[in-house]
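Here my numbering is used: position 220 in the sequence shown is 357, and no number is missing along the way.
For glycine and all other residues, C-beta sits at the position ideal for the given N, C-alpha and C.
Data first, discussion second: the structure below is written as structure tokens.
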Amino acid sequence: MDALSRFFWFCSGIHQPTLEKHPTEHNKYVGIGATIFFTGLFAALSGGYAMYFVFKGDTAAVVFAIFFGLLWGLAIFNMDRYIVSSINKNSSSTKQILQATPRILLAIMIGMVISRPLELKIFDKEIKERLKVSYLNNQRSKIDTLNKAFNNKYTIELNKLKEFKTKRDSLESGIKTDRQKLNFEVFGTKTTETSGVMGYGPYAKRKEEELRQRQQNLDSLNSEVSRMDRFVDGRKQFDGLLAERLYTGKQLDSLTSIAGFADRNWALGQLSFNTDGTRDTTTALAVTFIGLLFIFFECLPVFVKMMSSRGPYDISVENLETSQVHTSEKDRDFEIEVTDGVHDTRVATAIRKQKDKLNSE
Numbered sequence: 138m139d140a141l142s143r144f145f146w147f148c149s150g151i152h153q154p155t156l157e158k159h160p161t162e163h164n165k166y167v168g169i170g171a172t173i174f175f176t177g178l179f180a181a182l183s184g185g186y187a188m189y190f191v192f193k194g195d196t197a198a199v200v201f202a203i204f205f206g207l208l209w210g211l212a213i214f215n216m217d218r219y220i221v222s223s224i225n226k227n228s229s230s231t232k233q234i235l236q237a238t239p240r241i242l243l244a245i246m247i248g249m250v251i252s253r254p255l256e257l258k259i260f261d262k263e264i265k266e267r268l269k270v271s272y273l274n275n276q277r278s279k280i281d282t283l284n285k286a287f288n289n290k291y292t293i294e295l296n297k298l299k300e301f302k303t304k305r306d307s308l309e310s311g312i313k314t315d316r317q318k319l320n321f322e323v324f325g326t327k328t329t330e331t332s333g334v335m336g337y338g339p340y341a342k343r344k345e346e347e348l349r350q351r352q353q354n355l356d357s358l359n360s361e362v363s364r365m366d367r368f369v370d371g372r373k374q375f376d377g378l379l380a381e382r383l384y385t386g387k388q389l390d391s392l393t394s395i396a397g398f399a400d401r402n403w404a405l406g407q408l409s410f411n412t413d414g415t416r417d418t419t420t421a422l423a424v425t426f427i428g429l430l431f432i433f434f435e436c437l438p439v440f441v442k443m444m445s446s447r448g449p450y451d452i453s454v455e456n457l458e459t460s461q462v463h464t465s466e467k468d469r470d471f472e473i474e475v476t477d478g479v480h481d482t483r484v485a486t487a488i489r490k491q492k493d494k495l496n497s498e
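Below you can see the structure in the form of structure tokens.
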């Protein structure tokens with residue numbers, strides 16, 4: 138515990154020999170140091186997680202994430218340590234607030250940066266689902282755009298194909314009806330259009346001949362429809378329309394797993410809205426409060442130092458600084474008096490040397 142306390146003292150940026158003289162202040166600065174340390178730790182985790190997504194897919198992604206996370210965490214830790222230690226508790230409250238204001242403003246920005254990657258991890262499942270919907274809608278929109286462009290480009294051919302298919306369907310229906318009538322005539326089924334006499338008579342022969350002719354027309358029409366279908370399919374293949382398909386579940390899972398930081402950040406922002414565009418108040422508040430929590434946590438080292446009362450350590454530091462300033466001033470006076478004292482001797486010595494040199498010549 139002694140080693141841990143000293144580590145947290147170091148984190149708080151205090152003068153340890155002075156603090157050791159005041160046991161009642163030990164716990165306060167252990168708390169301040171621990172707050173600064175954990176702020177830096179969260180910054181390291183957040184920065185490393187963000188960098189991991191930047192280099193995701195690269196074999197060195199973990200190495201980059203660890204390196205940048207440590208670098209970012211140490212930078213935040215060092216800045217917090219310096220700012221907190223620079224707040225002078227012996228100054229007036231107004232001056233302390235002025236000293237802390239730039240740090241608080243910076244803490245708000247840093248808190249936003251720190252909180253975002255961690256929010257991405259907290260809402261990871263919801264983000265993936267929102268990305269799947271987005272990717273699927275984008276693919277559907279892309280296919281619709283290609284289809285629209287294709288239809289505009291080949292309007293004449295598509296209308297002609299539609300016309301052929303309409304004629305074919307109508308002819309097939311007519312042939313089916315007439316074939317049924319022929320069967321009724323041959324088997325003697327009485328209807329308004331058949332004689333009711335069983336046998337293969339003149340009417341049946343004439344009807345069969347008509348059916349044969351119409352079947353030939355249908356075969357010719359089917360050939361034309363097949364030719365037009367091949368032409369349209371070939372144009373779709375050439376224009377890339379057949380290559381575009383709606384994503385399957387596995388494809389969507391693969392896309393969301395390799396989604397970059399920008400896509401995930403966009404999806405996190407979209408969680409505040411339902412798919413129909415209405416605002417999802419519950420999720421919006423959750424995201425907002427998590428962000429505010431990290432912002433407050435980043436400001437916490439400054440708040441802790443400002444809220445702490447002026448204690449024996451602060452008075453001792455003030456006295457030590459006053460003593461060091463006084464010692465520095467006395468050292469300055471000493472150097473001035475010594476310089477003044479030896480000045481005349483140095484001048485006299487220089488004059489004598491110049492005279493001796495002139496006499497020797």
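Alpha-carbon spacing of residue i relative to residue j, whole angstroms
i: Asp370; j: Phe426; result: 54 Å
i: Lys269; j: Gly248; result: 29 Å
i: Asn284; j: Glu347; result: 41 Å
i: Ser310; j: Gln352; result: 11 Å
i: Ala140; j: Val462; result: 32 Å
i: Asp390; j: Tyr272; result: 11 Å
i: Asn164; j: Phe440; result: 17 Å
i: Ala212; j: Gln374; result: 56 Å
i: Arg240; j: Asn215; result: 13 Å
i: Phe174; j: Ser460; result: 31 Å
i: Phe398; j: Gly414; result: 23 Å
i: Leu392; j: Thr282; result: 22 Å
i: Gly91; j: Asp470; result: The structure shown does not extend to residue 91, since the chain is modelled only from 138 to 498, so the question has no answer here.
i: Ile151; j: Glu162; result: 11 Å
i: Ser229; j: Phe179; result: 32 Å
i: Arg343; j: Gln350; result: 11 Å
i: Lys262; j: Glu455; result: 54 Å
i: Ala423; j: Asp417; result: 10 Å
i: Ser127; j: Lys387; result: As displayed, the chain neither begins before 138 nor continues past 498, which places residue 127 out of reach and without an answer.
i: Arg364; j: Lys299; result: 13 Å
Coarse secondary structure for residue i, derived from DSSP in three states
i: Phe410; result: strand
i: Asn225; result: coil
i: Tyr219; result: helix
i: Gly397; result: coil
i: Asp195; result: coil
i: Lys158; result: coil
i: Gly376; result: Per the sequence presented here, residue 376 reads as Asp, with Gly not at that position. Asp376 falls in the coil class under three-state DSSP.
i: Ile151; result: coil
i: Tyr166; result: helix
i: Glu455; result: helix
i: Leu383; result: coil
i: Tyr272; result: helix
i: Gly371; result: helix
i: Tyr186; result: helix
Neighbourhood of residue i by C-beta, 6 Å cutoff - its chain only, sequence neighbours within 5 removed
i: Lys226; result: Arg447 and Asp451
i: Ala192; result: Note that residue 192 is Phe in the sequence shown, not Ala. The residues are Ala198 and Phe201.
i: Asp315; result: Leu348
i: Ala396; result: Leu268
i: Leu378; result: Leu283 and Phe287
i: Ser252; result: Gly428 and Phe431
i: Cys436; result: Ile241 and Ala244
Residues sharing a beta bridge with residue i, DSSP
i: Arg416; result: Phe410
Own chain residues within Cβ distance below 8 Å of residue i, not counting five before or after
i: Thr486; result: none
i: Ser453; result: Thr155, Lys158 and His159
i: Met246; result: none
Same chain, Cβ closer than 7 Å to residue i, neighbours up to 5 away in sequence not counted
i: Thr420; result: Leu408 and Ser409
i: Gln276; result: Leu383 and Tyr384
i: Arg372; result: Tyr291
Whole-Å CB distance - residue i paired with residue j, under 8 Å assumed
i: Trp209; j: Gly170; result: Wrong, their Cβ atoms sit about 20 Å apart, outside the cutoff.
i: Lys302; j: Val362; result: 6 Å
i: Gly206; j: Leu182; result: 7 Å
Neighbour flag for residue i against chain C, beta carbons, 9 Å
i: Arg489; result: Protein chain content of the structure displayed is limited to a single chain, and chain C is not contained in it.
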